[in-house]
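When we follow our numbering, the leftmost residue of the sequence shown carries the number 32, and every step to the right adds one.
In this text, a Cβ means the ideal position worked out from N, Cα and C, and glycines have one as well.
The model shown is predicted, which means the values in this text are computed figures rather than measured ones.
Accompanying notes for the structure given below.
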Amino acid sequence: MKRIAILGSTGSIGRSALEVVRHFPKEFEVVALSTNSNAVLLEQQIRDFRPVLVCANDALGAARLSGLSGKKLKVFSGGSGLSEMVSDKRIDLVLLAISGSAALAPLLAAIEAGCDIALANKEALVMAGPIIMERARKKKVKIIPVDSEQSAIWQCLKNQEDAGLKNIYLTASGGPLRKVRKADLKKISLKEVLRHPRWKMGRKITIDSATLMNKGLEVLEAMYLFGADIDKIRVLIHPEAIIHSMVEFIDGVILAQLSVTDMRIPIQYALTYPKRLSNGMASVDFYKLSSLNFEKPDFTKFPCLKLAYQAARDQGTAPCVLNAANEACVESFLKGRLQFSAIPSVIEKVLAKHKLILKPDLNDICRLDLWARQEAGRIIPRMG
Ligand code: NDP
Ligand code: MG
């Protein structure tokens, strides 16, 4: 039995992961679960999966859960509690399904503890990719991607990163605004942005899918995960979301990974790796699929993607600043304080003001993450 911790178990990925676990009761033991503030759902999950460790980030949630603590359940709270929880020796694999930069500290703590990682969160890697990959290498910790595109690339590459990689084709459904004209993006509402055509996900990633920042973050994620040259990573709009990404080698061979569009597939593989287990998922019906389509991304309509490529080329602290400014913008857009179409301009302004550090340590990363949020906070009210 693999003993797993699911951080962010009350979110979209976390809930899907628990469905996978429910399907394979002999494969997994759920040792630890966590939430930000949804203690009600976490309580239900405690009843269903009987973990021995749980954590709520906010004090109210932790107070509610503390009533359940006893011999069979230890309750942690806050960021430091989460990092302490993942250091428990009973955990074999940590699924990182927390959204945003809050995942960085528990990710580093899990690596330090020598746990293998199933990585759904992308923001932590974008902030501190070189530090994370180096620490994982030193500790011999496996980082198994969960994000469908990274899982696809990882499966196609099978450790052949050095064996003549020519291109990575990172596919993108195009998001909910693919067909909206650039001029109409100004008046786009939150409701329209949250209506993703292919994937049902948390709010932050759904907004990122609409600006294509999600794909930008994935470009950065792929660069760090696979040590790939940025010029070899190409984004390909593929509205059907059947090909989850492709890898081309120097001899002209292209390997692709296909499946129906369901996050439980890459989550399952990250949890069961190196095993593949039959799960009753539907197959892709090639007789019904009349065609698979591909388009070039529109960098003018979606400047966030261009900014992410630029940050990848600038390296150092640029990706961290890009990510923090974007998180601040998404939060403001969710609160109705920033227009959708102003998101890229705010990020661009923050990036332009930032003094690049080429080889940052963790302190530099944390300092610039905070600075970028504050800077975005100063710019946003001036955007009109
Ligand atoms: P959700 O918003 O649905 O869930 C996020 C989870 O993290 C929730 O359990 C939430 O708790 C918890 N959380 C949020 N903030 C904090 C915090 N500060 N401290 C501790 N816990 C916190 O997000 P998703 O599941 O959609 O995405 C999770 C990550 O996976 C993201 O980084 C995303 O980019 C990535 N990803 C998601 C995909 C998807 O299909 N959803 C696909 C590929 C990658 P609470 O319930 O209380 O809010
Ligand atoms: Mg993805």
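Considering only C-alpha positions, which residue in the set the options is nearest to residue i?
i: Ala128; options: Lys246, Ser47, Asn354 and Leu225; result: Ser47
i: Gly195; options: Val85, Ala373 and Ile285; result: Ile285
i: Cys187; options: Asp215, Val352, Met32 and Leu289; result: Leu289
i: Ala93; options: Gln76, Val172, Gln341 and Gly109; result: Gly109
i: Cys146; options: Arg166, Lys210 and Leu353; result: Arg166
i: Pro412; options: Ile268, His385, Lys386 and Ala359; result: Ala359
i: Val61; options: Lys33, Val250, Ser43 and Thr331; result: Lys33
i: Arg404; options: Leu382, Leu336, Thr292 and Leu104; result: Leu382
i: Gln346; options: Leu91, Lys105 and Val157; result: Val157
i: Ile281; options: Gly206, Asp329 and Gln191; result: Gln191
i: Ala140; options: Ile264, Ala87, Leu72 and Val117; result: Val117
i: Ile199; options: Trp185, Glu379 and Val52; result: Trp185
i: Lys102; options: His54, Asn88, Pro82 and Ala287; result: Pro82
i: Tyr255; options: Pro161, Asp79 and Gly233; result: Pro161
i: Ile264; options: Lys384, Ser132, Pro328 and Leu96; result: Pro328
i: Pro56; options: Met294, Gly112, Thr303 and Ala287; result: Thr303
i: Gly98; options: Leu243, Val71 and Ile142; result: Val71
i: Lys337; options: Leu243, Leu389, Ile410 and Lys384; result: Leu243
i: Leu320; options: Thr237, Phe333, Val291 and Ile388; result: Val291
i: Ser43; options: Lys386, Arg409 and Thr237; result: Thr237
i: Val172; options: Leu113, Val51 and Ala144; result: Ala144
i: Arg409; options: Arg78, Lys386 and Val377; result: Val377
i: His227; options: Asn394, Val106, Pro270 and Asp260; result: Pro270
i: Leu73; options: Leu267, Lys170 and Leu104; result: Leu104
i: Leu386; options: Ile174, Thr348, Ser114 and Ile142; result: Per the sequence presented here, residue 386 reads as Lys, with Leu not at that position. Lys386 has its Cα closest to that of Thr348, out of Ile174, Thr348, Ser114 and Ile142.
Which first and last residues belong to the beta strand (DSSP E) in which residue i is found?
i: Met254; result: Careful: Met254 lies outside any beta strand (DSSP E), inside the alpha helix (DSSP H) at Met244 to Leu256.
i: Phe107; result: Lys105 to Ser108
i: Tyr200; result: Leu196 to Ala203
i: Ser65; result: Phe59 to Thr66
i: Arg34; result: Lys33 to Leu38
i: Ile411; result: Element bounds for Ile411: n/a, residue is neither H nor E.
Quick check on DSSP: helix, strand or coil for residue i?
i: Cys86; result: strand
i: Leu267; result: strand
i: Lys380; result: helix
i: Leu286; result: strand
i: Val177; result: coil
i: Met277; result: strand
i: Glu192; result: coil
i: Val291; result: coil
i: Ile388; result: coil
i: Leu416; result: Here the chain has residues from 32 to 415 only, and residue 416 is not among them.
i: Ile129; result: coil
i: Leu150; result: strand
With 16 other CB atoms within 10 Å as the buried threshold, where does residue i fall?
i: Ser309; result: exposed
i: Lys312; result: The sequence given here has Met at residue 312, not Lys. Burial call: exposed.
i: Lys197; result: exposed
i: Tyr318; result: exposed
i: Gln299; result: buried
i: Ser204; result: buried
i: Thr41; result: buried
i: Glu154; result: buried
i: Asp316; result: exposed
i: Thr331; result: exposed
i: Ser322; result: exposed
i: Gln75; result: exposed
i: Phe325; result: exposed
i: Lys246; result: buried
i: Asn88; result: buried
i: Ala90; result: exposed
i: Asp178; result: buried
Could you spell out the range, first to last residue, of the alpha helix (DSSP H) harbouring residue i?
i: Arg295; result: Arg295 to Thr303
i: Ala359; result: Ala349 to Leu365
i: Lys222; result: Leu221 to Val224
i: Ser47; result: Ser43 to His54
i: Leu138; result: Leu135 to Glu143
i: Gln346; result: Note, Gln346: premise wrong, no alpha helix (DSSP H); not H, not E.
i: Ile77; result: Ala70 to Phe80
Inter-stretch contact at 8 Å, needing at least 3 Cβ pairs: the segment 33-50 / the segment 64-76:
Enough Cβ pairs lie closer than 8 Å, so yes.
Examine the Cβ distances between the segment 354-366 and the segment 267-287 and report whether three or more of them are shorter than 8 Å.
The segment 354-366 is not in contact with the segment 267-287.
Between the segment 391-409 and the segment 342-359, do at least 3 Cβ pairs fall closer than 8 Å?
Segment contact: the segment 391-409 against the segment 342-359, three or more CB-CB distances shorter than 8 Å; contact assigned.
Pairing CB atoms from the segment 247-263 with CB atoms from the segment 368-378, are three or more of them under 8 Å?
With fewer than three CB-CB distances shorter than 8 Å, the segment 247-263 does not count as touching the segment 368-378.
For the structure I just gave you, are there three or more beta carbon pairs, one from the segment 114-129 and one from the segment 148-156, closer than 8 Å?
Taking a cut-off of 8 Å on C-beta distances, the segment 114-129 touches the segment 148-156, as three or more cross pairs fall below it.
Contact between the segment 335-346 and the segment 211-230 (3+ Cβ pairs under 8 Å)
Cβ pair count under 8 Å is below three, so no.
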